[in-house]
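Worksheet for the structure shown next.
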Amino acid sequence: MMHKTCLTIFVLLCYTTLIKAQVTEQQINIEQHYSFNPDSLIHHIKTLSSDAFEGRRTGTAGAEKAKQYIINKFRSLNVTPLIQDYQQPFTFTTRGKTYKAINVLGLIKGSKKPEEYIVISAHYDHEGIQNNQIYNGADDDASGVAALFAFAEYFENHLPTHSVILAAFDAEELGISGSHYYVNNSIVPLNKIKLNINMDMISRNDKNELYAVGTAYNTALKSVISNYKSATDLTLLMGHDGQDGKQNWTHASDHAPFHKKKIPFLYFGVEDHKDYHKPSDTFENIHPEFYKNAVKAIISIFGTVDAMQL
Numbered sequence: 001m002m003h004k005t006c007l008t009i010f011v012l013l014c015y016t017t018l019i020k021a022q023v024t025e026q027q028i029n030i031e032q033h034y035s036f037n038p039d040s041l042i043h044h045i046k047t048l049s050s051d052a053f054e055g056r057r058t059g060t061a062g063a064e065k066a067k068q069y070i071i072n073k074f075r076s077l078n079v080t081p082l083i084q085d086y087q088q089p090f091t092f093t094t095r096g097k098t099y100k101a102i103n104v105l106g107l108i109k110g111s112k113k114p115e116e117y118i119v120i121s122a123h124y125d126h127e128g129i130q131n132n133q134i135y136n137g138a139d140d141d142a143s144g145v146a147a148l149f150a151f152a153e154y155f156e157n158h159l160p161t162h163s164v165i166l167a168a169f170d171a172e173e174l175g176i177s178g179s180h181y182y183v184n185n186s187i188v189p190l191n192k193i194k195l196n197i198n199m200d201m202i203s204r205n206d207k208n209e210l211y212a213v214g215t216a217y218n219t220a221l222k223s224v225i226s227n228y229k230s231a232t233d234l235t236l237l238m239g240h241d242g243q244d245g246k247q248n249w250t251h252a253s254d255h256a257p258f259h260k261k262k263i264p265f266l267y268f269g270v271e272d273h274k275d276y277h278k279p280s281d282t283f284e285n286i287h288p289e290f291y292k293n294a295v296k297a298i299i300s301i302f303g304t305v306d307a308m309q310l
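According to my numbering, the sequence shown is numbered sequentially starting from 1.
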């Protein structure tokens, strides 16, 4: 009887090992399938965070230049305008000053569920010029905007199941104003937006750690992230959602207005680094391999959730 039990345990262990190996191999294939041009990714973050864009402060010439860069890239990647000429202008007042800002909104029509939407977002504004120093905002958040282009590259050859809104929000640094305006003036019905995937600071981390925030509020998304197997040395972690004693990022970026409207979200970001909101947040200080792996992981996770019943 003992011999049979040992044999059974041995068979189960072998089977479990085989399944884990198959899952890992499958994940590697998925990440290869959801590939993009890494050279283009690096080129775009380098360009958007260059001095020519003057830190992309909302309402400045640098922000206007960034907005046009995004529109031109969307056009070249066959991203359809969600609104006339991709632009959703709005005005807001903060700290006694009135700003004119513009969200840039593109659309990829879904192949099977075109009337249901996933919003993939990043903010293109940053801190601009202060005390004669340019705050280039490479990680924050040229990294997220360049990742939007990686998604668009992927969609050229792999149409999503759901329709996808690629949203480059303005004025995140000024009270998360761009995404607030969008959810309160949505081009599509809010009840048709099934998920927001937000990317803000995804291009550098000394520990190769990327956080996915939002799983504490949605069991299906928690299952997706907890079962994720990376084909690289990137570690994807859950947390920073107010339940683990760490800084709560639930309302830290453009996913917050979606969460307030009870729309599920996944926010991908890294923990603050020494160059956060400093002039030293430059292209030279990003971690290119980590960045490529992070974008690959996010696109892979999108592929999983896009196939789900949201």
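Ideal placement from N, C-alpha and C gives every residue a C-beta, glycine not left out. Here the structure is a predicted model, which is why all the values come from computation and not from measurement.
First and last residue of the uninterrupted beta strand (DSSP E) at G128 | Position 128 of the sequence shown holds residue 128. Segment 128-130, the beta strand (DSSP E) holding G128.
L190: buried (16+ other C-beta within 10 angstroms of its C-beta) or exposed?
-> Working through the sequence shown from its first residue, we reach residue 190 at position 190. Flag for L190 reads exposed.
Please say whether Y211 and Y276 have beta carbons closer to each other than 9 Å?
-> Translated into positions along the sequence shown, residue 276 becomes position 276. Translated into positions along the sequence shown, residue 211 becomes position 211. Taking 9 Å as the Cβ cut-off, Y276 and Y211 do not qualify as a contacting pair.
Hey, out of N37, R57, M238, whose CA is closest to G178's CA?
-> As a first step, residue 178 must be located in the sequence shown, where it is residue number 178. Minimum Cα distance to G178 is reached at R57.
Three-state secondary structure assigned by DSSP to N198 | Residue numbering aside, residue 198 sits at position 198 when the sequence shown is read from its first letter. In this structure, N198 counts as strand in the three-state DSSP scheme.
Please say whether D139 and Y124 have beta carbons closer to each other than 9 Å?
-> As a position in the sequence shown, residue 124 is number 124, starting the count at 1. As a position in the sequence shown, residue 139 is number 139, starting the count at 1. No, they are not a contact pair.
Please state if the CB of S50 and the CB of F290 are separated by a distance shorter than 9 Å.
-> On the sequence shown, residue 290 is found 290 positions in, with the first residue counted as 1. On the sequence shown, residue 50 is found 50 positions in, with the first residue counted as 1. Contact flag unset, no.
Are S203 and H287 close, meaning C-beta to C-beta below 9 Å?
-> If you number the sequence shown from 1, residue 203 lands on position 203. If you number the sequence shown from 1, residue 287 lands on position 287. Cβ distance < 9 Å, so S203 and H287 count as in contact.
Per DSSP, what kind of secondary structure is K296 in: helix, strand or coil?
-> Position 296 of the sequence shown, counted from the first residue, corresponds to residue 296. It is helical.
Indicate whether H180 and K112 have their beta-carbon atoms separated by less than 9 Å.
-> Taking the first residue of the sequence shown as 1, we reach residue 180 at position 180. Taking the first residue of the sequence shown as 1, we reach residue 112 at position 112. Going by C-beta atoms, H180 is not nearer than 9 Å to K112.
Across which residues does DSSP place R57 in a beta bridge pair?
-> The sequence position of residue 57 within the sequence shown is 57, counting from 1. Answer is H126, bridged to R57.
Residues in its own chain within less than 7 Å of Q247 by CB, not counting five upstream and five downstream?
-> Taking the sequence shown and counting its residues from 1, the one referred to as residue 247 is at position 247. Closer than 7 Å at the Cβ level, and outside the excluded window around Q247, lie H240.
Just confirm the distance between the C-beta atoms of I120 and L148, as a whole number of angstroms; I'd bet it's less than 8 Å.
-> For the purposes of this step, residue 120 is identified with residue 120 of the sequence shown, where counting begins at 1. For the purposes of this step, residue 148 is identified with residue 148 of the sequence shown, where counting begins at 1. A Cβ-Cβ separation of about 7 Å places I120 in contact with L148 under the 8 Å criterion.
What do you get for I253, buried or exposed, if any count of 16 or more other CB atoms within 10 angstroms of its CB means buried?
-> What you label residue 253 is simply residue 253 of the sequence shown in a count that begins at 1. Before going on, a small fix: residue 253 reads as Ser here, not Ile. By the 10 Å Cβ count, S253 comes out buried.
Could you tell me if V102 is buried or exposed, where buried requires 16 or more neighbouring beta carbons within 10 angstroms of its beta carbon?
-> Looking up residue 102 in the sequence shown gives position 102. Reading the sequence as shown, one finds Ile at residue 102 and not Val. Buried is the call here.
Alpha helix (DSSP H) runs wholly inside the region 173-260, at least 4 long, in chain order = 177-184, 219-226, 256-260
Beta-carbon separation (whole angstroms), T215 vs K207, contact threshold 8 Å | Counting from one through the sequence shown, the residue named residue 215 turns up at place 215. Counting from one through the sequence shown, the residue named residue 207 turns up at place 207. About 20 Å separates the two Cβ atoms, so there is no contact after all.
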